[in-house]
Structures are given as C-alpha cells and as structure tokens.
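Participant: Residue numbers (the UniProt record's numbering): 1 to 737. Idealized CB from N, CA, C, for every residue including glycine.
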Amino acid sequence: MDRLLGQGGFSLEQLTGELKRILFQQEAYTVAVFTCEKDRVTAVGPLLTAETGLAYTLEGDWVEHPRFGRQFRFVSCRMLPPATPQAMEKFLSSGIIKGIGRKTAKKLVKSFGVDVLSILQKDPEKIYEIEGLSKAKALTVLESYQEFAFGENLMVALNSYGIEGELVYRIFRKYGRESLEMVEENPYRLALDLYVPFSQCDSIAFRLGFRGDEQKRLQAALIYTLYMARDEGHVYLPLEVLLSSGKGLLAQSNQYPEPPEDAVLQQELLRAAEERFIRTYREGCYLPELFRAEKFVAERLYDLAEERRTWAVDVATVIATMEADFGIKYAEEQKEAFFAVARHGLAVITGGPGTGKTTIVRGLIALVNRAQPNAEIVLCAPTGRAAKRLAETTGQPASTIHKVLGLRGGESDGLLGELEPLEADVVIVDEVSMVDIVMMANLLQALRRGAKLILVGDQDQLPSVGPGQVLRDMIDEKIGAIIRLNHIFRQAETSDIVTGAHRIKKGELPELFSRNDFIFLRRNSQMDILSTLQQTVSRAMERAGYSLDDIQVLSPMRYTDVGVWNLNKVLQEQLNPLVVGVREVKLGTIVFRTGDKVMQLKNNYEKDVFNGDVGFIAEILLSGEEEADEDTIIVQFDENSRVAYGRSEWDQLTLAYATTVHKAQGSEYPVVVMPMTLQHRRMLRRNLVYTAVTRARDKVILIGIPDALSFAVTNEQDGYRYSSLPNRWREIAEATS
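Okay, here's the thing in structure tokens:
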C-alpha cells in the first residue's frame, strides 16, 4: 500500500483490490468486501459504479468500527480495467454495460483484446469495423459504455480538482451528465446550489485556472453572503453591508487574497440586480425568494386586516354561555379577543405564560362552532411537538403547518410556489413566533379569500430560526387586531416559573432563593456546573420519580464543557452506559446506543415524524446477522410509533439528553435544567433565557453563576434582524388611503 497526501495535506493510504461482495449500497454509500493480495478487507465509501470481479484503487484510511472491527474508509476510488482477455470477456458479458451479451463480448475481445475499454473510450469508430456486428448494435454498445464510463470518469476528474467522497455524488445527483461541464465552467455554483463552503469553491477554481476576478466569482460571493445573512435570520442586507461583507468573504481566500476594488464589486452587484439574481427594495438587497415572500406577506396581511365582515352572532351572549359551560370567568382582555375574531379577518393574540392563551384558543373554537356551525377550523403549529401540544390542550386535531399545506420537506418548500387552497373558514396558528417569512407566505397563499386567520404566540420568545421576525413586526406595526394578554391568572400566580418568567421578561432577576418551582444552584466553575447538573438529573429521576422523558437539559450553545455536544456525551455515559448485551453504532463522532434518548432533526412525512420529536432507541439491528439488510436503528417515539432508520438516514437523528433552547421552542417539559455560565456570553440574551424557562411545566433548575443570569436578563439585544415588512405595510396603507 502507498501513502499519499490528500486534500488539506492529511495523509491517505492507497489500497488496490478486487471487489468480491457488496454488503450494502444506498445511493453512493457502499459497504463492500475486497481481496487485496491474500487479505479480505471491508471497505466503506462512495462507489458510483460497483461490480464484483472488478479491481479498484481506493484512497482513504483505516478506522475501527465498534461492532465490525477494522475497516478501510475510502474517500475516492478508481476502477482498474481487466488485465487478461478472459477477465475482459467475463467483465463485458456481466451485464454492467447494457447491450453486451456473451457473443458480443467475444467479438469485442477477439478484435481488441484487453484494450476494449480503451478503444471504446478513445477510438470508438473502430467498433463499426468488427465483422458480424451490426451498426445498430455497435451504436447501442457505445451508448451503454458511455453511461457506464461517466461515473468512473466523473470521480477521477473531480478528484483531480480536489473534490472527493460524498461531494462527488451530491454533484452527480444535482447535475447528472452535465456535472463535469458545470464544475469546470463555474465551480461557484457549488456554493449556491449545494452550500459548499466558498473557500472550498475557491480552491477548486484555483485548480481549474481561474484568476479570481471573474464575474461569476464576485457575483457568487455576493449571493453567498445573502445566503449566510438568511441563515442568521435576515430577510435582506442593506447595500453597504452586503458590499462590505461580500468583500470580506472574498478577502478570506488563500488562493485569491486580494479583494476587488469597491467600484468593481459594486458594478457586479448592479449587474446581478439587473439580471434579477439579487432583488432590491429601497436600500435593501434580497435573495429573490425572500423578496417575493416579504412582498406577498405584506400585501396579503393588508387584505386580511382590511376584511371587516362581522359574524352575525351576539358575542357577549356566547361568552356568557361559554363561561357557564366551562365554569370559568374570562378576563376583559380575553373577551376582546372573541370580539376581534368575530369582527376582523386577522387577529393576533400575544402573551406570556399563565396569561390564558390556551384558554382563549379553546374558547375561540367554541365561538366559531356557535357563530358558524358548519365552519371548517384548521389548527396548526410550526413543529410536530407544538402541534401535539395544541391538540392535547384543545382536544381538537392539530398538524404542522407543513402538513396542512401539503409540503413535503423538500427543496421546493422554501419557494412561494403553487399550493392547493386550504378548505378552511378559520385557521388558528399557535407558537407563531417560530414562523419565518417564507412559511408565512406559503400559509397566506393557501388561505382562501374570506377565511379568518388567528395567530397566537409570545413575542418575547426567541424569533424564528428562519429569516424574518413576522410576529414582532406585526405587533409593532399593529397589523391586524392585536390582543395583548397581560393578566396572570390566579392558578398561575402561585407558580415560581410563571412569576420568574415575567420578571425576566421585564428585565428583572427572578427570585434566586426559591426552593419550589424555580431553583438556582450557584456553582462557579464549568466542572462544578457539569457535576451538579449530572447529580440534579439523577436525583430528579431517583428521588422525585421523573422519567428521562420528563427531564430536558437545555444549553445556550453547542460547544464548551456544558454545551450540548459534551452534555449529551456525559449524560449518555451516566444514564445509558455501554454494558454487555447493549448494542451501539457510530455515525461520525456520535454514538447511538440501545436505550438512548434521541431527537428527529427534520420533518419526514414518509415516516410521520417531525423536527423536534423526541424518542428512545428501542432496538439496533445489525446487517450480517440475518436481522436486517443494513444496520438499522429503531426509535420508539410513543407507544404507537416505532420508526426504522437505515444507516443512510441516521443523520436525521441526534442525541437528545441535552438540546439547544432553539430546538426546544414549541415544546413543554415537566422539568428543565440549564447551565448558566459566562462562557456562553455570546448567546446569553433575555429572550433566550425567557424561552428556556417557559419550556418548563413543573420545575426549572438553573445551575451556575448568578452573573451569567444577570447578564442575560439585562441583555435585551436580540441580534437585530433586517426586515422591511413594516415598510412595505405602510406603503400599501398609504397608497390605498
């Protein structure tokens, strides 16, 4: 075996052997057995064309699999042509090249010997000279060979440009037969279409001979900058900010460190705007889909807000009847919500914990049933867990917004495309603070004319993960009928969680000496915080009788000793250690073990599981033991839901002993435990701690430094988001007034 330098300078081994057996193949990912000299080797990696009996050269390194032992994990491969006439004839007649049977293989080998593949590649016209081979058959052979050779040639060619492993397959899946042409013509398409880091695209471009001042590079840097801004929650960037950030991105290149002149970059921005790769509004620069989404949301919300068709019902009488039926007394501000819904096409209900949002939703459903007995009501929420909570608290069916709209979690879901109209007279959306500008646009597009929209949420929670701050913009600009719930009801007043959350909301420290629902445990070092957190989780289970499903550890950040990654590792070893008889598998650095608490990371409508759903690994089935065709993780999400994940789907899962506060949005847990340290200063904001605390139903336990909590509570900065929804709204209002 030879050792050579791979991309980035790290050392790779080269292994050559004959493919004997394919154990598993999913898209490009292949697990196979090779014979290398006298040894049998299990190799794992991307293989675009896999055929037993062929020899391959693989480049990679040795790894130790926790179950299957030593394996060769390769990042690139190259097929070697058969070396003897007999082997070539066997290969050609194997069926890997369609249209070549035993007779045709014999004719090809008789004419060209072991050089058949070379002839087909370099001098294909010679095939028409073979005696007894018709022109139609010769054409079929050539076309079939080209299909076969494409994958092999693509792998070799892209490897030479520093593109290896899974990225080769992603390129092939995206661009097909045009893959190589596309990469060579414009490698920066990879950043925009496949989210390949811009620095990697620069490296590929450099190998291809690009100078670094090409229009395609400069425009791609500007668009990629808007992608990054979108991922940070911005709907647009001001022109000067985009130019400055784009120039900074270009200057980070190791290959092209000299950024362009300001005038040159500004000219490329103007050209991109003319070609509508970038859209502009006032001084803002947008990605086209965000430009369309924001414009549409402003227009449709205005139409809804102007809708004044009042239901023909005595709302006061209905309220009195509901109070008698439910045995409750609505506050005046709650009554306002019922009148607003009866009179307006758009109503926004906002309030903190304990202010009766759930009570209002139940009442609104009753109001609709009395005012419009045949009306169709749709209840929905941004996440699966939020929809489940909504269904539990109202006693009515509720779904995710994606499911209501018929979106499948695919690439096109991010666009304002054609949607089937919702057969609904009233749509109620809970946890609307989590709804970004694109999802709101999709929802509004599906809402039929005349339907009422009721949005319910807490504007003081974290904003949506996606771009925009729709709920906050609507409340600040008074878009629609805005109902603010401020009264904390009597049953909530005794809860330290509710009173503590409302103190945080006002920028005040909660009571730190409570020993009831809201507990703060002072610890100084991260190691003390970590140790106390472990003890707290154990005691909650052993002494208080909570299950692991009841307890959720939250952390502001993924990294540090008390960040999500390390907390998951530590808690896994504490609560579910590896013992004899317990199976485990590994995906990258994550170990999945039978009994682990795990979370679904994205919506999967085929499996009927959604982003944020939490379950436990019930079984791990291993291939080769006559249990499964491939290594499979079985997750139990609830007593009626067991979901199987093949190895290629494991990236949809992560450990969930601890998770980020963002991932916990829309969820509720009996017990929430969270570390508080100034090492998380970058993420410590009032709305983050407020969101974490309001996830708890019975008990919230903060562990760490009081100064960290004080810093968070007084830090009202929310990382300003660029949004022009209010500006667009005002323009429409002025134009129609």
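(1) By alpha-carbon positions, which one of 112, 426, 524 and 59 ends up nearest to residue 86?
(2) Let me check one thing: in DSSP terms, what residues is residue 454 bridge-paired to?
(3) Just to check, is the beta-carbon of residue 693 closer than 7 Å to a non-hydrogen atom of the ligand GTP?
(4) Is DSSP giving residue 615 helix, strand or coil here?
(5) Restricting to Cα atoms, I'd like to know which of 54, 80 and 592 is closest to residue 90.
(6) Do residue 43 and residue 71 have their beta-carbon atoms positioned less than 8 Å apart in this structure?
(7) Let's test the definition: count the other Cβ atoms within 10 Å of the Cβ of residue 626 and tell me whether it reaches 16, buried, or not, exposed.
(8) Who are the near neighbours of residue 372 in its chain, counting only those whose CB is closer than 7 Å to its CB and skipping five residues on each side?
(9) Which full runs of the alpha helix (DSSP H) of 4+ residues lie inside the segment 272 to 356, going along the chain?
(10) Whole beta strand (DSSP E) runs in the segment 49 to 132 with 3 or more residues, listed along the chain?
(11) Identify every run of the beta strand (DSSP E) within the segment 643 to 694, keeping only runs that are complete inside it and at least 3 residues long; order them along the chain.
(12) For my contact list, residue 199 and residue 253 are in at a C-beta cut-off of 8 Å; report their separation, rounded to the angstrom.
(13) From this set, 35, 498 and 407, which residue's C-alpha is nearest residue 700's C-alpha?
(14) Which term fits residue 678, buried or exposed, when burial requires 16 or more other beta carbons within 10 angstroms of its beta carbon?
(15) Could you tell me which uninterrupted alpha helix (DSSP H) segments, each at least 4 residues in length, are contained entirely in the segment 451 to 532, listed from first to last along the chain?
(16) Could you tell me whether the Cβ atoms of residue 487 and residue 355 are closer together than 8 Å?
(17) What do you get for residue 62, buried or exposed, if any count of 16 or more other CB atoms within 10 angstroms of its CB means buried?
(18) Is any beta-carbon of chain D found at less than 8 Å from that of residue 475?
(19) Answer yes or no: do residue 116 and residue 108 have a C-beta to C-beta separation smaller than 8 Å?
(20) Evaluate residue 527 with the Cβ neighbour count: other Cβ atoms within 10 Å of its Cβ, from every protein chain shown; 16 or more gives buried, anything less gives exposed.
(21) Would you say residue 176 and residue 237 are within 8 Å of each other, going by their C-beta atoms?
(22) Run the CB neighbour count on residue 384, radius 10 Å, all protein chains shown included, and call it buried at 16 or more, exposed below.
(23) By the DSSP assignment, the alpha helix (DSSP H) with residue 438 in it spans what residues?
(24) Which partner residues of residue 609 appear in the DSSP bridge assignment?
(25) In or out: residue 173 buried (at least 16 other Cβ within 10 Å) or exposed?
(26) Which ranges does the alpha helix (DSSP H) cover as unbroken runs of at least 4 residues, wholly within the segment 161 to 208, from first to last along the chain?
(27) Looking at the strands, I want to know which residues DSSP matches up with residue 44.
(28) Return the residue from the list 668, 573 and 212 that minimises the CA-CA distance to residue 655.
(29) Tell me whether residue 705 sits in a helix, a strand or coil according to DSSP, three-state version.
(30) Sort 140, 435 and 682 by Cα distance to residue 711 and report the nearest one.
(31) According to DSSP, is residue 218 helix, strand or coil?
(32) Could you tell me whether the segment 220 to 235 touches the segment 180 to 200, using the rule of 3 or more Cβ pairs below 8 Å?
(33) If you reduce the DSSP assignment to three classes, tell me which class residue 17 lands in.
(34) Going by DSSP, what residue range makes up the alpha helix (DSSP H) through residue 251?
(35) Can you tell me whether residue 652 is buried or exposed, with buried defined as 16 or more other CB within 10 angstroms of its CB?
(36) Hey, quick one: how far does the beta strand (DSSP E) through residue 632 stretch, first residue to last?
Facilitator: So, from the data block:
(1) Stepping through the sequence shown from its first residue, residue 86 is reached at position 86. The candidate whose alpha carbon is nearest that of residue 86 is 112.
(2) Here residue 454 corresponds to residue number 454 of the sequence shown, with the count starting at 1. Listed as beta-bridge partners of residue 454 by DSSP are 347 and 428.
(3) Annotation note on the ligand GTP: not contained in the displayed structure, which lists no ligands.
(4) Translated into the one-based positions of the sequence shown, residue 615 becomes position 615. Residue state, collapsed to three classes: strand.
(5) Position 90 of the sequence shown, counted from the first residue, corresponds to residue 90. When only C-alpha atoms are compared, the closest one is 54.
(6) Here residue 71 corresponds to residue number 71 of the sequence shown, with the count starting at 1. Here residue 43 corresponds to residue number 43 of the sequence shown, with the count starting at 1. Closer than 8 Å, so yes.
(7) The sequence position of residue 626 within the sequence shown is 626, counting from 1. Its pLDDT being 47, under 50, residue 626 is placed unreliably by the model, and nothing is read from it.
(8) Here residue 372 corresponds to residue number 372 of the sequence shown, with the count starting at 1. Excluding residues within five positions, the ones whose Cβ falls inside 7 Å are 311 and 425.
(9) Fully enclosed alpha helix (DSSP H) runs of 4 or longer: 288 to 306, 315 to 326 and 332 to 343.
(10) If we require 3 residues or more, the beta strand (DSSP E) runs fully inside the segment 49 to 132 come out as 55 to 65 and 69 to 80.
(11) You should have 653 to 655, 658 to 660 and 669 to 676.
(12) Locating residue 199 in the sequence shown gives position 199, where the first residue counts as 1. Locating residue 253 in the sequence shown gives position 253, where the first residue counts as 1. Right, the Cβ-Cβ distance comes to about 7 Å (below 8 Å), so this counts as a contact.
(13) In the sequence shown, the residue the question calls residue 700 occupies position 700. Nearest neighbour of residue 700 by Cα position, chosen from 35, 498 and 407, turns out to be 498.
(14) For the purposes of this step, residue 678 is taken as the residue at position 678 of the sequence shown. Classification of residue 678: exposed, given that the 10 Å Cβ count is below 16.
(15) Taking only runs of at least 4 residues, the alpha helix (DSSP H) segments lying wholly in the segment 451 to 532 are 470 to 476, 490 to 493 and 496 to 505.
(16) Within the sequence shown, residue 487 is the residue found at index 487, counting from 1. Within the sequence shown, residue 355 is the residue found at index 355, counting from 1. Yes. Within cutoff.
(17) By one-based count along the sequence shown, residue 62 stands at place 62. With a threshold of 16 other beta carbon atoms within 10 Å, residue 62 falls short and is exposed.
(18) Although the question refers to chain D, the structure presented lacks it and comprises just one protein chain.
(19) Translated into the one-based positions of the sequence shown, residue 116 becomes position 116. Translated into the one-based positions of the sequence shown, residue 108 becomes position 108. Residue 108 sits close to residue 116, with the two beta carbons spaced by under 8 Å.
(20) Numbered from its first residue, the sequence shown carries residue 527 at position 527. Classification of residue 527: exposed, given that the 10 Å Cβ count is below 16.
(21) Taking the sequence shown and counting its residues from 1, one reaches residue 176 at position 176. Taking the sequence shown and counting its residues from 1, one reaches residue 237 at position 237. The answer is no: Cβ separation not under 8 Å.
(22) Position 384 of the sequence shown, counting from 1, holds the residue named residue 384. Buried, by the Cβ-count rule.
(23) By one-based count along the sequence shown, residue 438 stands at place 438. 437 to 446 is the span of the alpha helix (DSSP H), which, as asked, contains residue 438.
(24) Within the sequence shown, residue 609 is the residue found at index 609, counting from 1. In the DSSP output, where bridge partners are listed per residue, residue 609 has 604.
(25) In the sequence shown, the residue the question calls residue 173 occupies position 173. Per the 10 Å Cβ criterion, exposed.
(26) Runs of the alpha helix (DSSP H) inside the segment 161 to 208: 166 to 175, 179 to 185, 189 to 193 and 198 to 208.
(27) To locate residue 44, count along the sequence shown from 1; it is residue 44. For residue 44, the beta-bridge partners assigned by DSSP are 31 and 73.
(28) Walking along the sequence shown from the start, residue 655 turns up at place 655. Of 668, 573 and 212, the residue nearest in Cα terms is 573.
(29) The sequence position of residue 705 within the sequence shown is 705, counting from 1. Here residue 705 sits in coil by DSSP.
(30) To locate residue 711, count along the sequence shown from 1; it is residue 711. The residue with the shortest Cα to Cα distance from residue 711 is 682.
(31) As a working mapping, residue 218 is identified with position 218 in the sequence shown. It is helical.
(32) Yes: at least three Cβ pairs fall under 8 Å.
(33) Here the question's residue 17 lines up with position 17 in the sequence shown. Strand.
(34) Against the sequence shown, residue 251 aligns to sequence position 251. Per DSSP, residue 251 is one residue of the alpha helix (DSSP H) stretching across 239 to 251.
(35) Start at 1 with the first residue of the sequence shown, and residue 652 comes out as number 652. When all chains shown are included, residue 652 counts as buried.
(36) The residue labelled residue 632 in the question sits at position 632 within the sequence shown. 632 to 638 is the extent of the beta strand (DSSP E) around residue 632.
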